[in-house]
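Visitor: First residue of the sequence shown? That's 10 in the numbering used here, and the numbers climb one at a time after it. Before I ask anything, let me first share the structure, which is written out below as structure tokens.
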Amino acid sequence: MKKKLVLVMALTLVALVVLPVAASAEVFEGEGSITARGVGVAIVHSEGEIEIIGHGIGLVHVRDATRLKASGRGYRRDLPGGGAVFMGWRGEIHAAGTELKVRMCGGLIEFTAEGTGWVFLRGRGMYEIKGESCDWSTEGARVSLGEVEE
10 MKKKLVLVMA LTLVALVVLP VAASAEVFEG EGSITARGVG VAIVHSEGEI
60 EIIGHGIGLV HVRDATRLKA SGRGYRRDLP GGGAVFMGWR GEIHAAGTEL
110 KVRMCGGLIE FTAEGTGWVF LRGRGMYEIK GESCDWSTEG ARVSLGEVEE
């Protein structure tokens, strides 16, 4: 019962923090890869793959994965439709899919994503894309996985 209560509270927190912010950002599409490390909220929507390093702090919600593999320890709850919720996960999470959606929030977020799509970052940290290092935005910003042609 206690695990269910913790899961419900964590999912509610993610919904309250992530959904309103993501809806207000500008959309960019692109193809490529991004490596990010920081504190705050990160959302990945892509056709591709993601590798997440869990440090035992935070929450990861994976949806619509055609492949999902995790090694490590912490709380894992598998969801129908190719998804899972990880809380306090210390280890690696690998996911892939054609409509992959990953939401992460917490004290230390570290991941590399490749494919076509976008990433939303809000908080403090650094990300690298096409060999350039950039800061996360405290207001939140969507970043294309690759160069956007105008």
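By construction, the Cβ of each residue, glycine as well, lies at the ideal position given by its N, Cα and C atoms.
1. I need the straight-line Cα distance from R151 to S80, nearest angstrom please.
2. If I'm right that E56 touches G149 with Cβ under 8 Å, what's the distance once you round it to whole angstroms?
3. Within 10 angstroms of its Cβ, does S153 collect 16 or more other Cβ (buried), or is it exposed?
4. Name the residue from E141, A45, K110 whose alpha carbon lies nearest to the alpha carbon of M135.
5. Quick one: what does DSSP say T44 is sitting in, helix, strand or coil?
6. Got a sec? Which residues, its chain only, sit under 7 Å from A93 by beta carbon, not counting five neighbours each side?
Guide: Straight from the coordinates:
1. 29 Å
2. E56 to G149, Cβ: 23 Å. No contact.
3. buried
4. A45
5. strand
6. Within the same chain, A93 has close Cβ partners V71, L77, R85, R86, D87.
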